[in-house]
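> Sharing a structure with you now.
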Amino acid sequence: MSGRVGDLSPKQKEALAKFRENVQDVLPSLPNPDDYYLLRWLRARSFDVQKSEAMLRKHVEFRKQKDIEHIMSWQPPEVVQLYLSGGLCGYDKEGSPIWYDIIGPLDARGLLLSASKQDLLKTKMRDCELLVQECNRQSEKMGKKVDSITMIYDCEGLGLKHLWKPAVETYGEFLCLVEDNYPETLKHLFIIKAPKLFPVAFNLVKHFLSEDTRKKIMVLGANWKEVLLKYISPDQLPVEYGGTMTDPDGNPKCKSKINYGGDIPKKYYMRDQVKQQYEHSVQISRGSSHQVEYEILFPGCVLRWQFMSEGSDIGFGIFLKTKVGERQKAGEMTEVLPNQRYNAHLVPEDGTLTCNNPGIYVLRFDNTYSFIHAKKVNFTVEVLLPDKASEEKIKQLGEVTPK
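UniProt numbering puts the sequence shown at residues 1 to 403.
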């Protein structure tokens, strides 16, 4: 049995019923949690109800932390809009949206020097939500469930510049986000025009992909246009890729839908353009961390931070103390913003956090993973009083109540 609606074994039906019962408290906070939706999480964990539940609950927290409900109203920085290649263009023969990733012209180093990693990841998450919405529109239009996408990776021009470690690590982080939060949404992934370097590049990222995802990857040869046309009608495929679709002005690449990237002008580089003044500077020893504490007296206050490191990356996370008056280790506190490593030596990082609870908030700069190098970190942190938007956000979170 495939584990899909209409093709379930008795054990799979039992697992679905148990899964729905176990997660009923979070279902109201999820978009359209029908059987199709729940079965995606079950298939991703081989119908292990306990593991599927843990995965879904982590996703619910992810949606809250990243404010996914409002991500479509967020606009990426100009440089990202202009130079992050890829786009949604056409539908396959079953009605699934088609997403293109154009690798060759992508200036990965330029992007990471011009925008923060978090903005790049947020843009890709926004793309994921765009595809989810497009699947929903297709479902309504076609009168049948459409909940998966087809992807085309154009690897012409893939080169050593794309193997730059920070770029690969950032892409790997994105792949993990997709695997963890949008399971079982990929139908086919076609690799076209793959150069000799492709196996090296794929080896760097394949461990971020589940075994099921890897099975859906098809590396096509010289007859790639012919193969694509087996899955996609000519009028849904750009002329550039073997179909008949063009832009209204006749452009065969359909550039109004697909961004082809390009080299980023140095004027966008934040390291060259932005000279920030920081209030504090600290040297963090190898294998150590540095904590700064801020007392939040009432809900709705906002923490705002900016920081940069010198020479290498730095870990950063925010925690809420469980005991007042003594230093606590990260594992002893409540995690508010998950600790992760930031390339703040390349691009300064900044962010905000709405504090839902009063207490002592700890901003922790983490160098415990570095056994050789000490790190210098410059930072500024502010506590902002609530404005109307923040108060509205707190209210919205409060309205998501279990049923």
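The beta carbon of each residue, even a glycine, is placed where N, CA and C say it ideally should be. As the structure is a computational prediction, the values presented were derived from the model and not from experiment.
Does the count of Cβ pairs from the region 361-377 and the region 126-143 closer than 8 angstroms reach three?
Touching, no, given that fewer than three Cβ pairs across the two stretches are closer than 8 angstroms.
> What residues are listed by DSSP as bridge partners for Asn-251?
Walking along the sequence shown from the start, residue 251 turns up at place 251. Looking at the DSSP assignment, Asn-251 forms no beta bridge with any residue, so it has no partner.
> Helix or strand or just coil, what does DSSP make of Val-23?
In the sequence shown, the residue the question calls residue 23 occupies position 23. It is coil, neither helix nor strand.
> Roughly how many angstroms separate the alpha carbons of Val-324 and Ile-296, rounded to a whole number?
The residue labelled residue 324 in the question sits at position 324 within the sequence shown. The residue labelled residue 296 in the question sits at position 296 within the sequence shown. Cα to Cα, the separation comes out at about 13 angstroms.
> Quick one: is Asp-127 buried, meaning 16 or more other Cβ sit within 10 Å of its Cβ, or exposed?
Walking along the sequence shown from the start, residue 127 turns up at place 127. So Asp-127 ends up on the buried side.
> Just tell me which of Met-151, Lys-145, Phe-365, Gln-81 has its CA closest to the CA of Pro-338.
Mapped onto the sequence shown, residue 338 falls at position 338. Of Met-151, Lys-145, Phe-365, Gln-81, the residue nearest in Cα terms is Phe-365.
> Counting only runs of 4+ residues fully inside the region 60-118, write out the alpha helix (DSSP H) ranges in chain order.
Qualifying alpha helix (DSSP H) stretches, in chain order: 78-83, 108-114.
> Near Lys-122, which residues of its chain fall below 8 angstroms by C-beta distance, leaving aside the five closest residues on each side in sequence?
Against the sequence shown, residue 122 aligns to sequence position 122. Counting only Cβ-Cβ distances below 8 angstroms, and skipping sequence neighbours, we find Lys-66, Ile-71, Trp-74, Pro-76.
> Taking buried to mean at least 16 other C-beta atoms within 10 Å of its own C-beta, is Thr-150 buried or exposed?
The sequence position of residue 150 within the sequence shown is 150, counting from 1. The residue is buried, with at least 16 neighbouring Cβ atoms inside 10 Å.
> Identify whether Thr-123 lies in helix, strand or coil by the three-state DSSP scheme.
Taking the sequence shown and counting its residues from 1, the one referred to as residue 123 is at position 123. Helix at Thr-123.
> On a Cα-Cα basis, can you pick out the residue from Gln-291, Leu-209, Asn-356, Gly-261 that is closest to Ala-330?
Counted from its first residue, the sequence shown places residue 330 at position 330. Ranking Gln-291, Leu-209, Asn-356, Gly-261 by Cα distance to Ala-330 puts Gln-291 first.
> Along the alpha helix (DSSP H) that carries Pro-199, what are the first and last residues, could you check?
Here residue 199 refers to the residue found at position 199 of the sequence shown. Taken as a continuous stretch (DSSP letters only), the alpha helix (DSSP H) holding Pro-199 covers 198-205.
> So Lys-206 and Arg-214 are supposed to be a Cβ contact under 8 angstroms. How far apart are they, rounded?
By one-based count along the sequence shown, residue 206 stands at place 206. By one-based count along the sequence shown, residue 214 stands at place 214. That belief holds up - the Cβ atoms of Lys-206 and Arg-214 are roughly 7 angstroms apart, short of 8 angstroms.
> Among the candidates Lys-13, Ile-284, Leu-158, whose CA atom is the shortest distance from the CA of Thr-368?
Against the sequence shown, residue 368 aligns to sequence position 368. If we check each option's Cα against that of Thr-368, Ile-284 comes out closest.
> Evaluate Met-1 with the Cβ neighbour count: other Cβ atoms within 10 Å of its Cβ, from every protein chain shown; 16 or more gives buried, anything less gives exposed.
Sequence index remark: in the sequence shown, residue 1 carries index 1 (1-based). Exposed, since its Cβ has fewer than 16 Cβ neighbours within 10 Å.
> Apply the 10 Å Cβ neighbour rule to Leu-384 and answer buried if 16 or more other Cβ atoms are within range, or exposed otherwise.
Numbered from its first residue, the sequence shown carries residue 384 at position 384. Exposed: under 16 other Cβ atoms inside 10 Å.
> With a threshold of 8 angstroms on Cβ separation, who are the neighbours of Phe-198 within its own chain once the five nearest residues in sequence on each side are excluded?
Within the sequence shown, numbered from 1, the residue matching residue 198 stands at position 198. Around Phe-198: Cys-155, Leu-158, Ile-191, Val-219.
> Assign Ile-372 to one of two classes, buried (16 or more other C-beta atoms within 10 Å of its C-beta) or exposed (fewer than that).
Locating residue 372 in the sequence shown gives position 372, counting from the first residue. Exposed.
> At 3 residues or longer, what runs of the beta strand (DSSP E) sit wholly inside the region 157-243?
Entirely contained in the region 157-243, the beta strand (DSSP E) runs reaching 3 residues are, in chain order, 186-192, 217-219.
> Start and end of the alpha helix (DSSP H) containing Arg-40?
The sequence position of residue 40 within the sequence shown is 40, counting from 1. Per DSSP, Arg-40 belongs to the alpha helix (DSSP H) from 35-44.
> When you compare only the Cα positions, how much space is there between Tyr-268 and Leu-131?
Numbered from its first residue, the sequence shown carries residue 268 at position 268. Numbered from its first residue, the sequence shown carries residue 131 at position 131. If you take the alpha carbons of Tyr-268 and Leu-131, they lie about 28 angstroms apart.
> Measure from the alpha carbon of Gly-359 to the alpha carbon of each residue in Asp-247, Gly-261, Tyr-294, then state which is nearest.
The residue you call residue 359 lines up with position 359 of the sequence shown. Answer by Cα proximity: Tyr-294.
> Where does Tyr-294 fall in DSSP's three states?
For the purposes of this step, residue 294 is identified with residue 294 of the sequence shown, where counting begins at 1. Of the three classes helix, strand and coil, the one that applies to Tyr-294 here is strand, per DSSP.
> Which residue marks the beginning of the beta strand (DSSP E) containing Thr-380, and which one marks its end?
By 1-based counting over the sequence shown, the position of residue 380 is 380. Its beta strand (DSSP E) spans residues 375-384.
> Roughly how many angstroms lie between the CA atoms of Leu-175 and Ala-44, to the nearest whole one?
Here residue 175 corresponds to residue number 175 of the sequence shown, with the count starting at 1. Here residue 44 corresponds to residue number 44 of the sequence shown, with the count starting at 1. Going from the Cα of Leu-175 to the Cα of Ala-44 covers about 15 angstroms.
> What residue range does the beta strand (DSSP E) around Phe-365 cover?
Indexing the sequence shown from 1 puts residue 365 at position 365. Residues 359-366.
> Which word fits Pro-10, buried or exposed, when buried means at least 16 other C-beta atoms lie within 10 angstroms of its C-beta?
The residue labelled residue 10 in the question sits at position 10 within the sequence shown. Result: exposed.
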